[in-house]
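Right, one structure below, let's go through it.
Residue numbers (UniProt numbering): 1 to 44.
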């Protein structure tokens, strides 16, 4: 590779970031629905 990779690949190790969620939430929920008809791909 001749170009420098711009992303920092160093992990957190034992120092994980402290996240403060709104209303002291304990769970983050994400729902994804992917519907494809026929053989074409759809990224919507």
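Each residue gets a CB set at the ideal place from its N, CA and C atoms; glycine is no exception.
Cα-Cα separation between residue i and residue j, rounded to whole angstroms
i, j, result
"residue 25", "residue 15", "21 Å"
"residue 19", "residue 12", "13 Å"
"residue 22", "residue 28", "11 Å"
"residue 30", "residue 9", "25 Å"
"residue 5", "residue 35", "35 Å"
"residue 33", "residue 44", "10 Å"
Neighbourhood of residue i by C-beta, 7 Å cutoff - its chain only, sequence neighbours within 5 removed
i, result
"residue 37", "none"
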